[in-house]
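In full-length UniProt numbering, the protein residues as written are 1 to 112.
Now the structure itself:
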């Protein structure tokens with residue numbers, strides 16, 4: 001699914017990218033190969049997933065953090081590209097999660 005979605009994204013440079021629900025980090029790594037990004041942050045609510053993703057992804061511009069999408073605590077308008085592939089059905093509060101995404105996404109940002 002990520003492969004198909006990423007085909008539609010603008011191939012411009014993204015300073016800051018957020019990948020929501022990283023699991024083992026494979027999609028985060030895939031994102032890093034398709035876009036020039038200064039930094040990519042992958043988040044997941046599961047500590048186990050974050051630890052697994054960290055061991056498989058050692059690129060300098062990728063970091064993983066345990067965070068809940070409904071309240072990330074990132075500054076407003078932090079990300080130009082936000083990806084959430086096949087995981088929104090796991091979000092505890094869908095409405096609040098999308099409000100948070102809107103808050104942390106830049107005005108000209110893209111949500112995949």
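Backbone N, C-alpha and C define an ideal beta-carbon position, used for all residues, glycine too. These numbers were taken from a predicted model, which means no experiment stands behind them.
| Query | Result |
| --- | --- |
| Boundaries (first-last residue) of the alpha helix (DSSP H) holding residue 97 | 94 to 104 |
| Span separating the alpha-carbon of residue 103 from that of residue 68 | 14 Å |
| Uninterrupted beta strand (DSSP E) stretches inside the region 13 to 78 (no shorter than 3 residues) | 14 to 20, 37 to 44, 62 to 66 |
| Close-in-space but distant-in-sequence residues of the same chain around residue 32 (CB under 7 Å, 5 per side omitted) | 40, 59, 61, 62 |
| Whole-Å CB distance - residue 45 paired with residue 84, under 8 Å assumed | Contact flag wrong, Cβ pair sits at about 13 Å. |
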